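Just below is one structure, and these are the notes that go with it.
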Amino acid sequence: MQLFDTHTHFDVADFDHDRQQLAMQAKRVGVDALVLIGFIESRFDELIQTHQQLNAWENVPQSYLAPGLHPFYIEQHHSSHLQRLEQVLQQYDCVAVGEIGLDTFLKQHKQPELFSKQQDYFNTQLELATQYQKPVLLHIRKAHAETLAILKAQKFKFGGIAHAFSGGVEEAKALIKLGFKIGITGQITNPNAKKLHQVVQAIGAEHLVIETDCPDMTPLCCQTFTEHRTRNTPVNLPYVLESLAQTVGLPKQTLADQLWQNSLVALDLKF
Ligand SMILES: [Zn+2]
């Protein structure tokens, strides 16, 4: 079985002490590839180093690099960080720009000043993606209509993945129409995530990809009650597959093959 973890923060310090062991374990459970995703400029060096390190090790997933400036950290972004992002796109083999988008989960991000800064950074990063002909990895929280409006206004045509999808069926369909796949995390292991199960059943396996979003979004089965927050790792990706297979009513192997193909299409890769 070949699995693609389409959204990881496997570069963060949570993994510094055992990254190689986890990467080897992930490979053993079928994770053949993963995307390392950016969120703030101050971490770009470590993001790139981790990417290079992973691709130098044997018997670990193939790493793909996607630098970007995350909307949740909008207060920390500076215009010089966009220049740095462009340099990274020029110097390194990047698979996508990410994660980018809009996030109004926090009240303060709804305020006109910060929300328009989020929109500016999203617009500029979409322009960069177009210039370098890359798909984008979208982060959208409580801002689906505004995100769709910007994608349409830009006529963005390189598609990508709407990661950790939290919208409804209509929003998922609108993103699919614009060339995006829908990213499913360990949230699918939660039977109470009714809206997500509805979305998945309505749109079908051909439009889905899976992700761990590690170190966050730990599948229910892997959460322990002895820790405040259980670290998620790429090793847990098969649990996402398993729950998703139950939800869409497909055998695991059939679904895994479809998801692998979808990931290659979304990231414009050939294996
Ligand atoms: Zn993320």
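With UniProt numbering, letter number 117 in the sequence shown gets 117, and the count goes up by one each step, no holes. Every residue, glycine too, gets a C-beta built ideally from N, C-alpha and C. All values reported here derive from a predicted model rather than from experimental measurement.
Roughly how many angstroms lie between the CA atoms of L102 and K195, to the nearest whole one?
-> Approximately 20 Å, taken between the alpha carbons.
Please list, in chain order, all residues of the same chain as P234 whose beta carbon is under 8 Å from its beta carbon, the five residues on each side excluded.
-> So the qualifying residues of the chain are D5, T8, F10, L22, A23, A26, V31, L34, P61, T212, C214.
Return yes when at least one heavy atom of ligand 1 lies under 7 Å from the C-beta of I37, else no.
-> yes
Work out the CA separation of K117 and N190 for me, nearest whole Å.
-> 34 Å
Please confirm whether L137 and A172 have their CB atoms less than 8 Å apart.
-> Remark: C-beta atoms of L137 and A172 do not approach each other more closely than 8 Å.
Segments assigned alpha helix (DSSP H), at least 4 residues, entirely inside the segment 173–224 | Taking only runs of at least 4 residues, the alpha helix (DSSP H) segments lying wholly in the segment 173–224 are 194–203.
By Cβ distance below 8 Å, which residues in the same chain neighbour E127 in space, the five residues on each side in sequence not counted?
-> Q154
Using a threshold of 7 Å, is the CB atom of D213 nearer than that to any non-hydrogen atom of ligand 1?
-> Under cutoff, so the answer is yes.
Compute the distance between the beta-carbons of G38 and A66, then report whether it is under 8 Å.
-> yes
Out of L241, S42, L54, point me to the one whose CA is closest to P15's CA.
-> Per the sequence shown, the amino acid found at residue 15 is Phe instead of Pro. That would be L54, whose Cα lies nearest to the Cα of F15.
Q187 and M217: beta carbons closer than 8 Å?
-> A contact, by the Cβ cut-off of 8 Å.
Expected contact under 8 Å - CB spacing of H139 and K181 to nearest Å = 14 Å between Cβ atoms; not a contact.
Below 8 Å CB to CB, which residues in the same chain sit around D93 once its five sequence neighbours on both sides are set aside?
-> L65
S63, enclosing beta strand (DSSP E) - first and last residue | It spans 62–66 - the beta strand (DSSP E) in which S63 sits, taken as one unbroken run.
How is the beta strand (DSSP E) around R231 delimited, first residue to last?
-> First-last for R231: undefined, no H or E at that position.
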